[in-house]
Structures are given as structure tokens and as C-alpha cells.
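Counting from 1, one number per residue, gives the positions in the sequence shown under full-length UniProt numbering.
We put the beta carbon where it would ideally sit given N, CA and C, even for glycine.
Take a look at the structure below.
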Amino acid sequence: MSLQRAGQVWRRLDVTLRDLPLGALFLVASFLPGLRGHGTQVGDLPTRPFDALAVVALALECLSLVVRRRWPVVCLALVASGFALDQLCGYHSAAGTTLPVALISAGCHLEQRRRTTVVLLSVAYVPLAIALARLGSGGETATEFVTFYLTLALAWGAGAWLRSTRAAEAARHERVAAETRTAERIRIARELHDVVTHHVTAMVVQAEAARYLTAAPERLEQSLTAVSDTGRSALTDLRHLLDLLNPGHGTDHGTDHGTGHGVGPAEPTQARTPAVGRVLTLVEQTRRAGQPVDFTERGTPPASTGSADLVAYRVVQEALTNALKYAHGSRTSVQVQRGEREITVEVSTDGTGSRATAVAAGSGRGLAGLRERVDVLGGDFSAGCGPDGGFTVRARIPADGTS
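If you want it as C-alpha cells, here you go:
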């Protein structure tokens, strides 16, 4: 069995079984000839040989450690009783070291009545110190008892510090997990917004236009075909997004290449991440919805652009969606410049000032999401009305972004 496997088996054992070796170690050490009579000593009592009562004291001090994490108060009470018996009888065994161990464990694992436990232990220490002073030869001083009490208090403080450190670490992990979940929800919502809003807007516009084409069967058929193509594109993008959310994504058994809804087979050969090369598809889809769009694409993309392709695609998608919703019929220009170091996107829509204002006001969530994406990659993003009353979206995206 490998060490890693053995460690996993050990961690699965009950906590009392894992604490048993510690208690057994102290018990065995207490009977070693070299340590007998050389353990913890409080007061000035002479050392006494082990007898039957010593076995009881050692058992209380050592074997009680098996419940130091399961029942810390019980462990502390038993160990303290064994320690008192050990000192009053003058055994001075090595098992006396278990009292600080029990105090550290109680300070670390005790959940309730912590102050009450500290007060009771402090009160119980007073009669023990008085008894040891009376039974001794008188050589001990009050300073010695106070010093030992402070040592015990330090052990409790160490356990309390461990407890607070663990609690702070657990709180930090929980906070990071909550922030991660929130960021993931925002990311998923942003992806759904990008995918659903564009396709549904195009379908609504195309369907509205089809209502007025009943007298022109050829144009009506083209409009309905456009609606159908747009719906298929929406299903494909949504399927890809849901695949990414699927824990089995990327495995043979976790990928379903069928739609399950009778819409048609999926497109397994299609790239799951939209690239700048697919911007033309967005432009054609927007044109079929009745929006005049001029498209210009320049430059040669580098071999690897990281996430820049996807972000550039989303910028064009959001800008065309807003133009289709709020400036339908206005001429729109899409310019994409691809270079070795960055991708530059500019989408502008002609129109009156009121239309431009509508575009700006109606797309706040999408534009805010775009700004965040571009900022993450270290680029620049701007969106606003121009002097001619149109609305322009510009983005400069570093081509080596990997976020």
C-alpha cells in the first residue's frame, strides 16, 4: 500500500482511533525507567514509586486523550483529575505533560461554555495548589504555583489561537467560494444575455416583417427561412453553453450530439467558441432581419489569440443587437482590424439623437459586460453617441489575452 493510500485510509478512521496512538505513547513513556519520576512536578512533595493507584492516575491522564477532539471537556476533566492525583501522590510521571495537551485541545475544539470552563479550571487549581503547599516541605513559593498556572493558561491560549486561525481560514475559504460562485453566475448570465438576446431579437424582427409579406410568397419564404436559421443558430449556441456547464463535458459519455427536441442534429464539427471569422455570420443574420450593415475586415489574425476572438465576437454581437432593437433600419457599419498584437472592433449606427440615446439606455447590461471582458484582457472599450447623432462602440483587445 502506498503512503498516499495509507494516508487516505488513516483520515477515514474515526477521530478517537486517530488519537489513540498519542495516549498510548504517553502511557508507555511514563513506564520507561529513564523517565519515571522525572515528569511534571508542582510543589515540593517527594517522588513516590508507582503502585496500583499510579496506574489509575496514568490511565486518566493518557487514555483520556482518545476523546480530546470528540469530547474535549470530558477529556480535560479526566486528565485534570489524573494530574491532580499524580501530583498529590508524588508520582511525578511523564504523563503529567498530557495536561497542557488537553488544554490545547479544549481551547481549540471546545464549542460551547468556553468561559465557564476556564473559570471552573481556575477555581479548581486553587485548592490543588493549597493542598500541595500543605503536603510539601514548605520549600515551594506562591510564585511557583502562579508560574505553573500561567503556563497552563498559555496552553489554553495556544489552543484558542489555533481555533481562531482555523475559523478565519474557513471563513476566508467560504468567502472565496461565495465570490467564485457569484462571479460564475455573472459569467453565465452574461453568456446567456449575449446568446439569447441577439438571436431572439433577430427572430422577433424577422417574424414581424413576415406579417407584412403575405402578398409576396417568395419574400415571405425567405423571411421564414431566416427565422428558422436564426433559431437553429440560437439552439446551437445554447447547446454549446450548456455543454460547458455539464460536469461531463469533454468526455465521450457526457456529450450528446443530438438535440433531443427534433430540431435537427447538432453540429459537432463547429467550433464551440465563436471566432472573429464568424462575425460575417452575425452580419448576414442582421441583414436578413432588415438592418443595412456595411462590413469591413482587415488584417491577418495571429496563430493564437487567446480569448480575444470571443470578446471581439461578443462586442460585434451586442452592438448589432442594440442596433437592431433600437435603431432598426438605420445604416450600421462594422469594422474589424486584426493584427499580431491586438484586435480592433468598431461598430457605429447612423441615426437621430433620440435613437442614439435609446441605444445607450437600452443596452446598459450588455455594454457593461463587454467593458468588463475587455478590461480583463487589458484592452480599451468605449461606447457613446457621436456628434452626428449616431452611436458607436469601439474596443481594442490585446490578441494575447488568455483570461
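- When DSSP reads this structure, residue 397 sits in a beta bridge with 343.
- In its chain, beyond the 5 residues on either side, 298, 299, 344 have a beta carbon closer than 6 Å to the beta carbon of residue 337.
- Taking C-beta atoms as the reference points, residue 94 and residue 38 count as a pair closer than 9 Å.
- Residue 348 and residue 312 have their alpha carbons spaced roughly 15 Å apart.
- Beta-bridge analysis with DSSP links residue 385 to 391.
- Note: residue 64 is not bridge-paired with any residue in the DSSP secondary-structure output.
- A direct Cα-Cα distance of roughly 11 Å separates residue 77 from residue 67.
- Counting every other CB atom within 10 Å of its CB across the protein chains shown gives residue 127 a total below 16, marking it as exposed.
- Straight across, the Cα-Cα distance linking residue 86 with residue 179 is about 53 Å.
- Distance between residue 168 and residue 373, taken at the CA atoms: about 32 Å.
- The alpha-carbon separation between residue 280 and residue 6 amounts to approximately 58 Å.
- Taking C-beta atoms as the reference points, residue 292 and residue 330 count as a pair closer than 9 Å.
- Counted as a single uninterrupted DSSP element, the alpha helix (DSSP H) harbouring residue 83 occupies residues 72-89.
- Note on residue 156: 16 or more other CB atoms within 10 angstroms of its CB, so buried under the neighbour-count rule.
- Counting along the chain, no alpha helix (DSSP H) covers residue 93, and no H or E run does either.
- In the three-state DSSP reduction, residue 236 falls in the helix class (H, G or I).
- Exposure of residue 175 is indicated by the presence of fewer than 16 other C-beta atoms within 10 angstroms of its C-beta.
- In the three-state reduction of the DSSP assignment, residue 338 falls in the strand class, which pools E and B.
- Of 90, 100, 88, 393, the smallest CA-CA separation from residue 79 is found for 100.
- Distances from the alpha-carbon of residue 27 to those of 226, 45, 56 put 56 closest.
- When rounded, the separation of the alpha-carbon atoms in residue 334 and residue 4 is 58 Å.
- Where residue 11 is concerned, the enclosing alpha helix (DSSP H) starts and stops at 3-12.
- Around the Cβ of residue 25, a 10 Å sphere holds fewer than 16 other Cβ atoms; the residue is exposed.
- When C-alpha distances from residue 382 are compared across 346, 184, 339, 145, the shortest belongs to 346.
- Secondary structure note for residue 297: its beta strand (DSSP E) is the uninterrupted segment 293-298.
- By the beta-carbon neighbour count (other beta carbons within 10 angstroms, threshold 16), residue 181 is exposed.
- Short of 8 Å from the beta carbon of residue 320, and not among the five residues preceding or following it, lie these beta carbons of its own chain, in chain order: 198, 282, 283, 286, 291, 293, 332, 334, 347.
- For the options 201, 109, 42, the alpha carbon positioned closest to that of residue 289 is the one of 201.
- Within the DSSP bridge table, the entry for residue 349 names 332, 391 as partners.
- In this structure, the alpha-carbon of residue 366 lies about 35 Å from that of residue 170.
- Between residue 350 and residue 378, the gap from beta carbon to beta carbon reaches 9 Å or more.
- Under the three-state reduction of DSSP, residue 380 is assigned to strand.
- Looking at 391, 166, 31, 231, the one whose alpha-carbon comes closest to that of residue 62 is 31.
- Residue 136 and residue 44 do touch by the CB rule: their CB atoms are close to 4 Å apart, below 8 Å.
- Of all alpha-carbon atoms in 162, 134, 96, the one lying nearest the alpha-carbon of residue 106 is that of 162.
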